[in-house]
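Peer 1: For what it's worth, full-length UniProt numbering labels the leading residue of the sequence shown as 1, then goes sequentially. Just so you know, even glycine gets a beta-carbon here, dropped at the ideal spot from N, CA and C. I have a structure here, written as structure tokens, and I will follow up with some questions on it.
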Amino acid sequence: MSLMERLLHPHYLVNAVLALSYPIHQIINHPDLLSTASIGAYSRYLLPAMALVTIKIRGAQSPEELVSVLSLYMKVFSLYGYWAASYEAVEFWGSDWSGHWRFVLYLLAWTVVFIALPQPPYQGPSKVIWLDSAQLTYLTTPSEKKSKGEGRANDQSNLKNRHSSAKIVELDEEDEALDDEEESEEEQDQDQDRRHHHHEHGEHCNHDHGDGLVHPRQKKTSDLDPSHYWIIAFNATWSSPCRYFEASHANCSIKYDRVNVKFAKIDMDLFADGEEIAERFKINLAATTLDLPTLILFKDGKALKQLPPKIATKVGGDVLGKVGWDRSVSSVEAAFELAKLGTGKESFV
Numbered sequence: 001m002s003l004m005e006r007l008l009h010p011h012y013l014v015n016a017v018l019a020l021s022y023p024i025h026q027i028i029n030h031p032d033l034l035s036t037a038s039i040g041a042y043s044r045y046l047l048p049a050m051a052l053v054t055i056k057i058r059g060a061q062s063p064e065e066l067v068s069v070l071s072l073y074m075k076v077f078s079l080y081g082y083w084a085a086s087y088e089a090v091e092f093w094g095s096d097w098s099g100h101w102r103f104v105l106y107l108l109a110w111t112v113v114f115i116a117l118p119q120p121p122y123q124g125p126s127k128v129i130w131l132d133s134a135q136l137t138y139l140t141t142p143s144e145k146k147s148k149g150e151g152r153a154n155d156q157s158n159l160k161n162r163h164s165s166a167k168i169v170e171l172d173e174e175d176e177a178l179d180d181e182e183e184s185e186e187e188q189d190q191d192q193d194r195r196h197h198h199h200e201h202g203e204h205c206n207h208d209h210g211d212g213l214v215h216p217r218q219k220k221t222s223d224l225d226p227s228h229y230w231i232i233a234f235n236a237t238w239s240s241p242c243r244y245f246e247a248s249h250a251n252c253s254i255k256y257d258r259v260n261v262k263f264a265k266i267d268m269d270l271f272a273d274g275e276e277i278a279e280r281f282k283i284n285l286a287a288t289t290l291d292l293p294t295l296i297l298f299k300d301g302k303a304l305k306q307l308p309p310k311i312a313t314k315v316g317g318d319v320l321g322k323v324g325w326d327r328s329v330s331s332v333e334a335a336f337e338l339a340k341l342g343t344g345k346e347s348f349v
């Protein structure tokens, strides 16, 4: 999906209309505000606003984030403007209405749009693989020294020492048939659960945009190799920082995707065991959390590095690390050494 198509989503269009409603209202009802004298009088307010906008433009990681942040600032400004102008009576249906109604109606419209039109997920090019909770456990659990297959082989060896070979063959074939049947049923159940999950959350469906990439992607557990490097983003669908970070994560997945380096994500709030996942990786899911998104690098089921970083200070180390991370592509590149990752030149392995 092209950038223009993404920005024409109803979420961005309606929020842009809300953001510009007060400036347009003032220009229509008070044309004198565009005069040189008026602009000079308001310059002390305009200059700080322009400086803030410039900072946000430089810090935005995607056009969607920039539009969302600027719309938010403009909506706050419009809300304050309607409140400040509430002393002006409004003529409606031949009667004069209190100006406070504009403030109330604007606040109501903002609330309705916030609920009915949430920010859509990133829909640009991406190679990020979407994980379910079972796949996450598979990729983030260190491999045991003795696998189930090895244990079964040892049990069969013990049987050979105590029984005849003919009888053992019959038992082996029966056991293998039962094992294959159980594994097949388990895979079918997982596929059915995954399809049901995708049906409930349409954003997880595969979309081919004609550029050779799948947006987003879901793979079978058998296609995932824990011995590779996995950079997994722990997200929540309601978190704005997670939405903003999706573009940076997608850009990294395209630029640094290798045979042994993969990028993945999981939306914890979409799974019944989401709170258990958050607790396992010490991620706070409160509305005021600074933990989202959390990015962790895994290999062989072991966590090697994490963003936001944990600063080793006695007071406020975690908070400083979380606030200091700007969620930019460059910060991910530096923290995980993406240019070297998977080449054997990493400094942290």
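What is the rounded straight-line gap between the Cα of residue 287 and the Cα of residue 64?
Peer 2: 22 Å
Peer 1: Go ahead and pull the three-state DSSP assignment for residue 238.
Peer 2: The DSSP-derived three-state label of residue 238 is coil.
Peer 1: Which residue comes first and which comes last in the alpha helix (DSSP H) that contains residue 134?
Peer 2: 133-140
Peer 1: When the Cα of residue 240 is compared with those of 60, 25, 103, 20, which residue comes out closest?
Peer 2: 60
Peer 1: Can you check whether the CB of residue 242 is closer than 9 Å to the CB of residue 292?
Peer 2: Yes; because the gap between Cβ atoms is below 9 Å, this pair is in contact.
Peer 1: Skipping 5 residues on each side, what residues in its chain have a beta carbon closer than 8 Å to that of residue 16?
Peer 2: 67, 71
Peer 1: Helix, strand or coil for residue 176 per DSSP?
Peer 2: For residue 176, the predicted model reports a pLDDT of 44, less than 50, meaning its position is unreliable; a value from the coordinates is still stated below. Helix, per DSSP.
Peer 1: Residue 249 and residue 128 look like a contact to me (Cβ under 8 Å); what is the Cβ gap, rounded to whole Å?
Peer 2: 6 Å
Peer 1: On the DSSP letters alone, give me the boundaries of the alpha helix (DSSP H) that residue 266 sits inside.
Peer 2: That residue, residue 266, is in no alpha helix (DSSP H); its beta strand (DSSP E) goes 261-267.
Peer 1: Would you say residue 226 lies against chain B (beta-carbon separation less than 9 Å)?
Peer 2: Of the protein chains in the structure, only one exists, and it is not chain B.
Peer 1: Please tell me whether residue 226 and residue 289 are closer than 9 Å, where the distance is taken between their beta carbons.
Peer 2: Not a contact, by the Cβ cut-off of 9 Å.
Peer 1: The ligand ATP and residue 277: does any heavy atom of the ligand fall closer than 8 Å to the residue's C-beta?
Peer 2: Of ligands this structure carries none, so the ligand ATP is not represented either.
Peer 1: Is DSSP giving residue 6 helix, strand or coil here?
Peer 2: helix
Peer 1: What residue ranges within the stretch 248-308 form continuous alpha helix (DSSP H) runs of no fewer than 4 residues, ordered along the chain?
Peer 2: 274-280
Peer 1: How close, in whole Å, do the beta carbons of residue 229 and residue 299 come, if the pair is a contact with beta carbons under 8 Å?
Peer 2: 5 Å
Peer 1: Could you check which residue in 133, 23, 253 has the C-alpha nearest to that of residue 271?
Peer 2: 133
Peer 1: Give the secondary structure of residue 83 by DSSP, where H, G and I count as helix, E and B as strand, and everything else as coil.
Peer 2: Assigned with DSSP and collapsed to three states, residue 83 falls in helix.
Peer 1: What separation, rounded to the nearest whole angstrom, lies between the Cα atoms of residue 337 and residue 220?
Peer 2: 28 Å
Peer 1: Figure out for me which residue from 217, 245, 52 has the closest Cα to the Cα of residue 120.
Peer 2: 245
Peer 1: Throw me the rounded Cβ distance for the residue 282 and residue 232 pair, which I believe falls under 8 Å.
Peer 2: No, residue 282 and residue 232 are not in contact; Cβ-Cβ is about 14 Å, not under 8 Å.
Peer 1: Can you tell me whether residue 106 is buried or exposed? The criterion is at least 16 other CB atoms within 10 Å of its CB, across all chains shown.
Peer 2: By the neighbour-count rule (16 or more Cβ atoms within 10 Å), residue 106 is buried.
Peer 1: Applying the 10 Å Cβ sphere with the 16-neighbour rule, what's the burial state of residue 223?
Peer 2: A residue is called buried once 16 or more other Cβ atoms fall within 10 Å of its Cβ, and residue 223, having fewer, is exposed.
Peer 1: In whole angstroms, what separates the C-alpha of residue 6 from that of residue 117?
Peer 2: The alpha-carbon atoms of residue 6 and residue 117 are separated by roughly 14 Å.
Peer 1: In chain order, what residues of the same chain lie with their CB nearer than 8 Å to the CB of residue 21, ignoring the 5 residues before and after it?
Peer 2: Non-local C-beta neighbours of residue 21 in its own chain, meaning closer than 8 Å and more than five positions away in sequence, comprise 78, 106, ordered along the chain.
Peer 1: What does DSSP give as the partner residues of residue 218 in its beta bridges?
Peer 2: Answer by DSSP bridge pairing, in chain order: 130.
Peer 1: Rounded to whole angstroms, what is the Cα-Cα separation between residue 137 and residue 10?
Peer 2: 37 Å
Peer 1: Buried or exposed: where does residue 268 fall if 16 or more other Cβ atoms within 10 Å of its Cβ makes it buried?
Peer 2: buried
Peer 1: Secondary structure at residue 230, three-state DSSP: helix, strand or coil?
Peer 2: strand
Peer 1: What did DSSP end up calling residue 15 once you bin it into helix, strand or coil?
Peer 2: helix
Peer 1: Does the separation of the CB atoms of residue 75 and residue 18 fall below 9 Å?
Peer 2: yes
Peer 1: Could you compute how far the alpha carbon of residue 199 sits from the alpha carbon of residue 218?
Peer 2: In this predicted model, residue 199 has a pLDDT of only 42, less than 50, meaning its place in the structure is not dependable; the value taken from the coordinates is given anyway. Approximately 13 Å, taken between the alpha carbons.
Peer 1: On the CB-based measure, 16 or more other CB atoms within 10 Å of its CB, does residue 62 come out buried or exposed?
Peer 2: buried
Peer 1: Do residue 275 and residue 285 count as a contact pair if the criterion is CB distance below 9 Å?
Peer 2: yes
Peer 1: Closest by CA to residue 335, which one among 343, 342, 309, 345?
Peer 2: 309
Peer 1: Does DSSP put residue 223 in a helix, a strand or coil?
Peer 2: helix
Peer 1: Span of the alpha helix (DSSP H) holding residue 116?
Peer 2: From DSSP, the alpha helix (DSSP H) with residue 116 extends over 100-116.
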